[in-house]
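I have placed the structure first, in the form of structure tokens, so that the comments after it can refer back to it.
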Amino acid sequence: MQNWQTKLKINQSLTTEPIHIKRRIFQGDALSPLWFYRALNPLSDLINHSKLGFKLNNEQSSTISHLMYMDDIKLFASNASDLFNLADITQQFSTDINMQFDKCKILSVKKGKLVHNSYALNTGETIEPMNEVSTYSTDSTETDEN
Numbered sequence: 001m002q003n004w005q006t007k008l009k010i011n012q013s014l015t016t017e018p019i020h021i022k023r024r025i026f027q028g029d030a031l032s033p034l035w036f037y038r039a040l041n042p043l044s045d046l047i048n049h050s051k052l053g054f055k056l057n058n059e060q061s062s063t064i065s066h067l068m069y070m071d072d073i074k075l076f077a078s079n080a081s082d083l084f085n086l087a088d089i090t091q092q093f094s095t096d097i098n099m100q101f102d103k104c105k106i107l108s109v110k111k112g113k114l115v116h117n118s119y120a121l122n123t124g125e126t127i128e129p130m131n132e133v134s135t136y137s138t139d140s141t142e143t144d145e146n
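In our numbering, the protein residues as written are 1 to 146.
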């Protein structure tokens, strides 16, 4: 990625100097969301093959392990150990493709009560628990409500 670059062309006559892409997906390009999705699809495969997740009590004995939408991922597990294993899989994949976590939180519920777990990733980063008054929004903001 350190050698990635692009040029902007306006009306077939004016072209900019090379713009070096240092990190993230280039904003404004119509193909960027598709490329981002394709880059993350193997992560979904890794998580599915782990056989971890939250088992739903339905006729099909379905399991949900994750939901992905663009650059947002939610991990689901039946217990803290499985959740941490899913976080490790996600972190290792992210490291392999040189992607960084932006914002992470854990919400654990045991027997209907919130449990305040934090988790240290292999990178040394700690995923902190969400608290009772925090809300999570997909626009990468967290607010405290009074």
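Don't be surprised by glycine CBs; every beta carbon is placed ideally from N, CA and C.
Answer with buried or exposed for residue i, where buried requires no fewer than 16 other C-beta atoms within 10 angstroms of its C-beta.
i	result
Thr16	exposed
Ser65	buried
Ala120	exposed
Ile97	exposed
Met99	buried
Gln91	buried
Less than 9 Å separating the beta-carbons of residue i and residue j?
i	j	result
Val115	Ala87	no
Ser108	Leu83	yes
Phe76	Gly112	no
His20	Trp35	no
Met68	Leu43	yes
DSSP beta-bridge partners for residue i?
i	result
Ser108	Val115
Asp72	Tyr69
Leu14	Ile10
Kindly indicate which residue of the options has the alpha-carbon position closest to the one of residue i.
i	options	result
Lys105	Trp4, Asn85, Phe93 and Thr126	Thr126
Phe93	Pro33, Ser118, Thr123 and Asn117	Thr123
Ile89	Ala30, Ser50, Asn117 and Asn57	Ser50
Ile73	Leu56, Lys103, Gln60 and Asn57	Lys103
Pro18	Thr6, Asn48, Gln60 and Asn58	Thr6
Thr95	Leu14, Met130, Glu59 and Ala39	Ala39
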